[in-house]
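Asks:
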Amino acid sequence: MSVQLFEGKDHAAIYQKYRFPPSPDLLNIIFSYLEEKKGKPYDLAVDVGCGSGQSTWLLVPHFARVLGTDISEAQIEQAKRIPSPSHVSYCVFPAEALPVEDGSVDLLTAFAAAHWFDIQPFMRELERVLKPGGSVSLSSYTLNMKIRYGDCSEALSELFRETQAVLKKHANEKLHVLFSEYQEILDLMPFPDKKRIIFQVNETSFTVAGLMGFLQSLSMFQMFKNAQPEAAEAFLQQTQSRFLETMKVSSPETPLEITLEYICVLACKTPKEKVAT
Ligand SMILES: C[S@@+](CC[C@H](N)C(=O)[O-])C[C@H]1O[C@@H](n2cnc3c(N)ncnc32)[C@H](O)[C@@H]1O
Numbered sequence: 001m002s003v004q005l006f007e008g009k010d011h012a013a014i015y016q017k018y019r020f021p022p023s024p025d026l027l028n029i030i031f032s033y034l035e036e037k038k039g040k041p042y043d044l045a046v047d048v049g050c051g052s053g054q055s056t057w058l059l060v061p062h063f064a065r066v067l068g069t070d071i072s073e074a075q076i077e078q079a080k081r082i083p084s085p086s087h088v089s090y091c092v093f094p095a096e097a098l099p100v101e102d103g104s105v106d107l108l109t110a111f112a113a114a115h116w117f118d119i120q121p122f123m124r125e126l127e128r129v130l131k132p133g134g135s136v137s138l139s140s141y142t143l144n145m146k147i148r149y150g151d152c153s154e155a156l157s158e159l160f161r162e163t164q165a166v167l168k169k170h171a172n173e174k175l176h177v178l179f180s181e182y183q184e185i186l187d188l189m190p191f192p193d194k195k196r197i198i199f200q201v202n203e204t205s206f207t208v209a210g211l212m213g214f215l216q217s218l219s220m221f222q223m224f225k226n227a228q229p230e231a232a233e234a235f236l237q238q239t240q241s242r243f244l245e246t247m248k249v250s251s252p253e254t255p256l257e258i259t260l261e262y263i264c265v266l267a268c269k270t271p272k273e274k275v276a277t
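For the sequence shown, the UniProt record's numbering gives the first residue as 1, with consecutive numbering after it.
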């Protein structure tokens, strides 16, 4: 069954402000794959679970038509607030029933979203909508982050792991797909031509306040806040104080560096001429 944890307007705004846009390295991997498997022309890309649109934007220069879909009205409303070119559109639709014709999609992406979908119906929908030779990329950053600042990088990374351990108590069960690094998604992908890549990316423009914003954008934090608003707020304040104390600084705007881990499952729908008869 679909879960809707990204509905609140406040959450959508926090999300748009603090979530990382997908890394250029990830984009390079996806486009090299698409080029290798199918090549141009690139007509239609669909970004499923597009949220507030920051992942969809990365596809805009490359395709004749780009569609962002999401189950959350609040997220789509947020995405539509940013003016976009005429070949880009957004609509509220579940990943398991997309508003596109059979065999029409050159590239289907889901960034930080596929673990929320109902996997089996979504896989059937993938088979339906992709063009023969079309590609799919289901990717996400994981929570295996390393934090670097001066000589306290190890202490900060440990503090981040402790913070996650508290938040994981509030995790929706669907997050197990992410915690097991999309193994289930790889296994259930219906095309024989498939692979999973795991890689790391350094992000430099980050602050302590930005990291706290990122924590607030997590569904686990939002569930904690819904259940125990005061405890969740106190936990966030306490976490920020512990970061600042460890770093021996007072400003939440102090910059730090993080290393993000990404997972990406790539697959290609077998072109008709290659299907064994
Ligand atoms: C973590 S956000 C990722 C948003 C965006 N792709 C990004 O990179 O920032 C996950 C999104 O998936 C959407 N979502 C969850 N289940 C869905 C479903 N069954 N169908 C479509 N969207 C879904 C949520 O509403 C949310 O906006």
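In this text, a Cβ means the ideal position worked out from N, Cα and C, and glycines have one as well.
Note that the structure is a prediction, hence the values are computed from the model and not measured.
Using the three-state DSSP reduction, which class does Arg-148 fall into: helix, strand or coil?
Replies: Correct three-state label for Arg-148: strand.
Asks: In this structure, does DSSP put Thr-277 in helix, strand or coil?
Replies: Caution is warranted here: a pLDDT of 48 is assigned to Thr-277, below 50, making its placement in the model unreliable, and no coordinate value can be reported.
Asks: Taking Ser-72 as the reference, which of Thr-270, Pro-255, Trp-116, Leu-108 has the closest Cα?
Replies: When each option's Cα is compared against that of Ser-72, the closest is Trp-116.
Asks: Do the segment 221-235 and the segment 145-158 meet, that is, are 3 or more Cβ pairs less than 8 Å apart?
Replies: No, because fewer than three Cβ pairs between the segment 221-235 and the segment 145-158 fall closer than 8 Å, the two stretches do not touch.
Asks: Please go through the same chain and pick out, in chain order, the residues whose beta-carbon is closer than 8 Å to the beta-carbon of Ala-79, but skip the five residues on each side of it.
Replies: Counting only Cβ-Cβ distances below 8 Å, and skipping sequence neighbours, we find Cys-50, Gly-51, Ser-52, Gly-53, Thr-56, Gly-68, Asp-70, Tyr-90.
Asks: Which residues in the same chain as residue 280 place their Cβ atom closer than 6 Å to its Cβ, once the five residues preceding and following it in sequence are excluded?
Replies: With the chain represented from 1 up to 277, any question about residue 280 goes unanswered, as that position is not in the structure.
Asks: Does the Cβ of Lys-248 have 16 or more other Cβ atoms within 10 Å, making it buried, or fewer, making it exposed?
Replies: That one is exposed.
Asks: Compute every distance between the C-beta of Trp-116 and the non-hydrogen atoms of ligand 1, then say whether any falls below 6 Å.
Replies: Yes.
Asks: Can you tell which of Phe-160, Glu-158, Leu-211 has its C-alpha closest to the C-alpha of Thr-254?
Replies: Selected option, being the one with the closest Cα: Leu-211.
Asks: What does a CB cutoff of less than 6 Å around Ala-171 pick up in its chain, not counting 5 residues either side in sequence?
Replies: If we look at Ala-171 and ignore the five residues flanking it on each side, its Cβ neighbours are Met-220.
Asks: Can the beta-carbon of Pro-132 be found closer than 7 Å to that of Pro-271?
Replies: Closer than 7 Å, so yes.
Asks: Any chance the CB of Phe-111 is under 6 Å from a heavy atom of ligand 1?
Replies: Because some heavy atom of ligand 1 lies under 6 Å away, the Cβ of Phe-111 counts as near it: yes.
Asks: By a C-beta neighbour count over all protein chains shown, 10 Å radius and 16 as the cutoff for buried, is Thr-277 buried or exposed?
Replies: Bear in mind that a pLDDT of 48 at Thr-277, under 50, signals an unreliable position, so the model cannot answer this.
Asks: Bridge partners for Pro-255 per DSSP, in chain order?
Replies: Pro-255 pairs with Thr-207.
Asks: Taking buried to mean at least 16 other C-beta atoms within 10 Å of its own C-beta, is Thr-204 buried or exposed?
Replies: By the 10 Å Cβ count, Thr-204 comes out exposed.
Asks: In three-state DSSP terms, what is Pro-271?
Replies: DSSP places Pro-271 in coil when its eight states are reduced to three.
Asks: Is the closest heavy atom of ligand 1 to the C-beta of Asp-193 under 6 Å?
Replies: Every heavy atom of ligand 1 is 6 Å or more from the Cβ of Asp-193, so no.
Asks: Mapping the DSSP letters down to three states, classify Ile-71 as helix, strand or coil.
Replies: Coil at Ile-71, not helix or strand.
Asks: Tell me the rounded alpha-carbon separation between Glu-261 and Leu-143.
Replies: So the alpha carbons of these two residues sit roughly 7 Å apart.
Asks: By alpha-carbon positions, which one of Tyr-18, Leu-159, Asp-187, Tyr-141 ends up nearest to Phe-199?
Replies: Among Tyr-18, Leu-159, Asp-187, Tyr-141, the Cα nearest to that of Phe-199 is on Tyr-141.
Asks: Out of curiosity, what's the CA-to-CA distance linking Leu-159 and Phe-243?
Replies: For Leu-159 and Phe-243, the distance between alpha carbons rounds to 8 Å.
Asks: So is the beta-carbon of Cys-50 under 6 Å away from any non-hydrogen atom of ligand 1?
Replies: Answer for Cys-50: yes, Cβ within range of ligand 1.
Asks: What ranges does the beta strand (DSSP E) occupy inside the segment 35-66, keeping only unbroken runs of at least 3 residues that lie completely in it?
Replies: Qualifying beta strand (DSSP E) stretches, in chain order: 44-48.
Asks: I'd like to confirm something about Ala-95: is its beta-carbon nearer than 6 Å to some heavy atom of ligand 1, or not?
Replies: Yes, the beta carbon of Ala-95 sits closer than 6 Å to at least one heavy atom of ligand 1.
Asks: Alpha carbon to alpha carbon, what distance is there between Thr-246 and Ala-97?
Replies: One C-alpha to the other measures close to 48 Å.
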